[in-house]
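Report on the following structure.
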Amino acid sequence: ASPAAAAPRAASGVLTADIYVAVGGSDSGDGSLARPYATLGKAVSVARAGQTIALRGGTYQPVQPVRITVSGTRDARITLSNYRDERPVIDASRVPADEWAITQQASYWTVQGLEIKGSGSHAYVCRSCQHVTFRRLSIHDNVEAGLTLRDAGTVGNQVLDSDFYGNHDDGTRGKVGNGLGIKFGSGAGNVVRGCRFYHNADDGLDLGEFSSPVTVEGNWAYGNGVNHWGVADWQGNGNGFSLGGAGTSAAHLVRDNAAWDNVHHGFTDEDNPGRLQLTRNTAYRNGGTGFAMADADATLSGNIALANGTDTKLGDGAGGTANSWDGGTWSAAVFRGTDPASAERSRRPDGRLPVTDFLVPTRAGVGATMKP
């Protein structure tokens, strides 16, 4: 496993539920608190609109992939949650490596308070999902991506207050292993907020070939692309925020995010020619370019780029005002702190990002606020 920050304490989950799952339960039980099911697969197969599934604390080791196919409704969502302050861990290492550990093709769900690790492929893939909320997740040390939302009809989903880290594929020498991906599809109204993407072999957040705008705000990406696993001929990419792919045009809204200590770029359009809007973001000490916007028709306002390999590479279509590179004297003294330790520690009990002085700007109206 990568040297990641300590696992966050489980924030409060549901107090009661319609269906319970517990280590030591039995799928021949009735799913009650007294006679819980043993597997998540059983629970999601019987859940209906309006119901709540509670996972008790402990480590679950499924041997086959979980498929979620029953949708809730706008007025009767389905909730999958940890129980109270207990911490359920799904160790997917026994699921066949050619299978995604969890695949969801269902809408109007809330998924919260889970830790998922060890998948030989993708940990959790949501296909054409609509109005699904993911919150307070810890998804790490999987071979491919931690969480992926993909395909046409990916509409109105939220990924909130979650950590995606340590995902890596040694077999490809680090070319595979993203934190979070919203990819290969389209759909309006998707939001990523309050998340951290760190110590992944490839990119932290990857919006490759997603043709609709995604709102990305208040997230931190750091340490991606570093070879924590001692793999020979390492080829991990290591962008913090990869905002495109394969020439697909999308006008993503990127505000109040921070990228630091990534091997490659902090923020990159990745061949996205769309009208990106980047407002009040910070790129610090990345090995490549802080803001690599060679192809995007990008508007950049109030951003800070400092101590990167190159602070900016902007194409003819990129412009803006009040950025650190637009004039004035800038140094690391503009930040309250430059030690990332406090930003990389465990989350607060309610799941929000930790309080930190790291990269907090002392000048008004510029740079990521670093506020939860």
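The opening residue of the sequence shown carries number 11 in the numbering used here; numbering runs sequentially from there. Where is the CB? At the ideal position from N, CA and C, for every residue including glycine. Since the model is a prediction, treat every value here as computed from it, not as a measurement.
Decide if residue i is buried, meaning its Cβ has at least 16 other Cβ atoms within 10 Å, or exposed.
| i | result |
| --- | --- |
| residue 9 | Since the first and last residues shown for the chain are 11 and 382, residue 9 lies out of range. |
| residue 366 | buried |
| residue 353 | buried |
| residue 73 | exposed |
| residue 371 | buried |
| residue 260 | buried |
| residue 46 | buried |
| residue 381 | exposed |
| residue 252 | buried |
| residue 223 | buried |
| residue 79 | exposed |
| residue 341 | exposed |
| residue 357 | buried |
| residue 38 | exposed |
| residue 360 | exposed |
| residue 23 | buried |
| residue 14 | In this prediction, residue 14 scores a pLDDT of 47, lower than 50, which makes its location untrustworthy; the coordinate-derived value is nonetheless stated afterwards. Result: buried. |
| residue 164 | buried |
| residue 181 | exposed |
| residue 351 | exposed |
In whole angstroms, give me the CA-to-CA distance for residue i and residue j.
| i | j | result |
| --- | --- | --- |
| residue 155 | residue 246 | 13 Å |
| residue 86 | residue 61 | 8 Å |
| residue 285 | residue 28 | 45 Å |
| residue 130 | residue 149 | 13 Å |
| residue 217 | residue 191 | 6 Å |
| residue 98 | residue 109 | 21 Å |
| residue 289 | residue 101 | 38 Å |
| residue 199 | residue 136 | 15 Å |
| residue 264 | residue 311 | 11 Å |
| residue 376 | residue 111 | 41 Å |
| residue 84 | residue 213 | 33 Å |
| residue 232 | residue 44 | 43 Å |
| residue 239 | residue 179 | 10 Å |
| residue 95 | residue 186 | 33 Å |
| residue 349 | residue 114 | 39 Å |
| residue 140 | residue 249 | 28 Å |
| residue 230 | residue 207 | 6 Å |
| residue 18 | residue 326 | Below a pLDDT of 50, predicted positions are generally treated as unreliable, and residue 18, at 48, falls in that range; no measurement from the model is reported. |
Taking the alpha helix (DSSP H) that residue i falls in, what are its first and last residues?
| i | result |
| --- | --- |
| residue 50 | 50-56 |
Between the Cα of residue i and those of the options, spot the shortest distance and give me the residue it belongs to.
| i | options | result |
| --- | --- | --- |
| residue 188 | 198, 144, 92 and 272 | 272 |
| residue 315 | 299, 309 and 306 | 299 |
| residue 266 | 291, 126 and 146 | 291 |
| residue 205 | 330, 304, 269 and 256 | 269 |
| residue 294 | 134, 311 and 322 | 322 |
| residue 339 | 39, 328, 348 and 373 | 373 |
| residue 66 | 55, 254 and 26 | 26 |
| residue 328 | 334, 335, 336 and 306 | 306 |
| residue 258 | 250, 234 and 283 | 283 |
| residue 304 | 254, 350 and 331 | 254 |
| residue 262 | 24, 221, 117 and 83 | 221 |
| residue 334 | 313, 153, 22 and 351 | 313 |
Mind checking which residues open and close the beta strand (DSSP E) that includes residue i?
| i | result |
| --- | --- |
| residue 196 | 190-196 |
| residue 98 | 98-101 |
| residue 161 | 157-162 |
| residue 230 | 230-232 |
| residue 169 | 168-170 |
| residue 311 | 309-311 |
| residue 200 | 200-203 |
| residue 368 | Careful: residue 368 lies outside any beta strand (DSSP E) and carries neither H nor E. |
| residue 286 | It is not in any beta strand (DSSP E) - residue 286 carries neither H nor E in the DSSP assignment. |
| residue 122 | 119-122 |
| residue 270 | 268-270 |
| residue 294 | 292-294 |
Can residue i be considered in contact with the ligand FAD, in the sense that its beta carbon sits closer than 6 Å to one or more heavy atoms?
| i | result |
| --- | --- |
| residue 172 | Among the components of this structure there are no ligands whatsoever, and the ligand FAD is therefore not found. |
Short of 7 Å in beta carbon distance, which residues of its chain neighbour residue i, apart from the five on each side in sequence? Order them along the chain.
| i | result |
| --- | --- |
| residue 53 | 29, 31, 41, 47 and 63 |
| residue 11 | For residue 11, the pLDDT reaches just 43, beneath the cut-off of 50, and the residue's location in the model is therefore unreliable, although a value from the coordinates is still provided. Taken in chain order, the residues that qualify are 151 and 176. |
| residue 378 | 266, 267, 268, 290, 291, 292 and 369 |
| residue 183 | 241, 243, 244 and 245 |
Who are the Cβ neighbours of residue i in its own chain at under 6 Å, not counting the five residues just before and after it?
| i | result |
| --- | --- |
| residue 256 | 219 |
| residue 203 | 170, 227 and 228 |
| residue 145 | 122, 170 and 171 |
| residue 71 | 101 and 104 |
| residue 162 | 195 and 196 |
| residue 302 | 275, 278 and 323 |
| residue 168 | 143 and 201 |
| residue 68 | 33 |
| residue 345 | 369 |
| residue 225 | 201 and 263 |
| residue 281 | 254, 257 and 305 |
Does the CB of residue i have a neighbour CB from chain D at under 7 Å?
| i | result |
| --- | --- |
| residue 368 | The chain inventory of the structure shown lacks chain D, comprising one protein chain alone. |
Among residues of its own chain, excluding the 5 on either side of residue i, which ones have a beta-carbon nearer than 8 Å to its beta-carbon?
| i | result |
| --- | --- |
| residue 318 | 276, 293, 294, 295, 296, 297, 298, 299 and 300 |
| residue 347 | 366, 367, 368, 369 and 370 |
| residue 16 | Residue confidence is low: residue 16 scores 47 on pLDDT, short of 50, so the model does not pin down where it sits. No coordinate-derived value is stated. |
| residue 193 | 158, 159, 160, 216, 217, 218, 219, 220 and 255 |
| residue 81 | 59, 88, 116, 117, 118 and 119 |
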